[in-house]
Amino acid sequence: MNATASGAVERVFAQFLDLERLTRAARTTEQLAYSLVNDSQSLFGYRHAALVIAGKVRSVTGVSVIEPNAPFVAFVEHAVGQLLKLDLIKPARVVHMDSLSASVRDDWNSLSAPHVFWLPLQDRKGEVFGGLWLARDTPWSPAEQVLLAQLGDTCSHAWLALQPGKPWRLRFNRKRQAL
Numbered sequence: 001m002n003a004t005a006s007g008a009v010e011r012v013f014a015q016f017l018d019l020e021r022l023t024r025a026a027r028t029t030e031q032l033a034y035s036l037v038n039d040s041q042s043l044f045g046y047r048h049a050a051l052v053i054a055g056k057v058r059s060v061t062g063v064s065v066i067e068p069n070a071p072f073v074a075f076v077e078h079a080v081g082q083l084l085k086l087d088l089i090k091p092a093r094v095v096h097m098d099s100l101s102a103s104v105r106d107d108w109n110s111l112s113a114p115h116v117f118w119l120p121l122q123d124r125k126g127e128v129f130g131g132l133w134l135a136r137d138t139p140w141s142p143a144e145q146v147l148l149a150q151l152g153d154t155c156s157h158a159w160l161a162l163q164p165g166k167p168w169r170l171r172f173n174r175k176r177q178a179l
């Protein structure tokens with residue numbers, strides 16, 4: 001590495017590798033869920049993240065117990081349901097507020113940060129079984145989007161390793177997600 005590229009780039013790379021290591025080190029889905037929404041916050045600078053598995057929020061940044069009827073939880077589940085319905089669930093992408101319904105946009109304005117990245121988690125056949133809703137106050141750079149897509153592969157692999165015998169439980173149910 002040349003002298004001008006060292007420093008910041010090396011720190012980001014080291015932090016990313018450590019994040020992948022932490023993801024692979026999780027021993028339970030609960031540990032992994034916590035790690036996925038909290039451990040990458042310092043690298044990507046998001047205000048909040050929500051892990052959605054099979055259409056339900058399983059973990060939120062800084063929250064130890066998910067309240068299923070909490071406004072933010074309901075909003076994320078509704079927004080992700082619309083991504084599914086609109087066939088925007090994959091690939092990993094920046095989510096534009098105007099691609100979703102007026103009710104989701106209203107909730108987004110009051111409950112979430114303005115710049116969202118959706119990071120789908122996919123099984124071995126490429127089917128989405130969940131994902132991360134990552135929201136922050138600044139736009140996502142192309143370099144961050146590439147890193148997040150790579151991280152999505154690691155997260156998917158780790159989740160499936162911890163829950164290998166239950167793939168049917170992980171699938172999104174399109175009928176349940178109908179809005």
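Numbering of the sequence shown is given in UniProt numbering, commencing with residue 1 and proceeding in unit increments. Where is the CB? At the ideal position from N, CA and C, for every residue including glycine. Here the structure is a predicted model, which is why all the values come from computation and not from measurement.
Following the DSSP letters along the chain, one finds Gly131 inside the beta strand (DSSP E) bounded by residues 128–136. In the DSSP assignment, His96 is bridged to no other residue. Listed as beta-bridge partners of Ser59 by DSSP are Leu51. Here Gln150 is exposed: its Cβ has fewer than 16 other Cβ atoms, across all protein chains shown, within 10 Å. For Leu83, the enclosing alpha helix (DSSP H) has its first and last residue at 71–85.
Between Pro120 and Lys90 a beta carbon distance of about 5 Å is seen, short of the 8 Å cut, so the two are scored as contacting. DSSP places Leu88 in no beta strand (DSSP E); its state is neither H nor E. Boundaries of the beta strand (DSSP E) around Val116: 115–122. Counted as a single uninterrupted DSSP element, the alpha helix (DSSP H) harbouring Asp107 occupies residues 102–111. When the beta-carbon positions are compared, Arg58 and Ala92 stay at least 8 Å from each other. Taking C-alpha positions only, Trp159 is separated from Gly130 by approximately 10 Å. The beta carbon of Arg47 is closer than 7 Å to those of Ala113, Ala135, Arg136, Asp137 in its chain, skipping five residues each way along the sequence. Annotated three-state conformation of Tyr46 is coil, per DSSP. Straight through space, the alpha carbons of Leu51 and Met97 are spaced by roughly 19 Å. In this chain, the alpha helix (DSSP H) harbouring Trp159 covers 142–162.
Following the DSSP letters along the chain, one finds Glu67 in no alpha helix (DSSP H), marked with neither H nor E. Between the C-alpha atoms of Asp18 and Leu88 there is a straight-line separation of about 30 Å.
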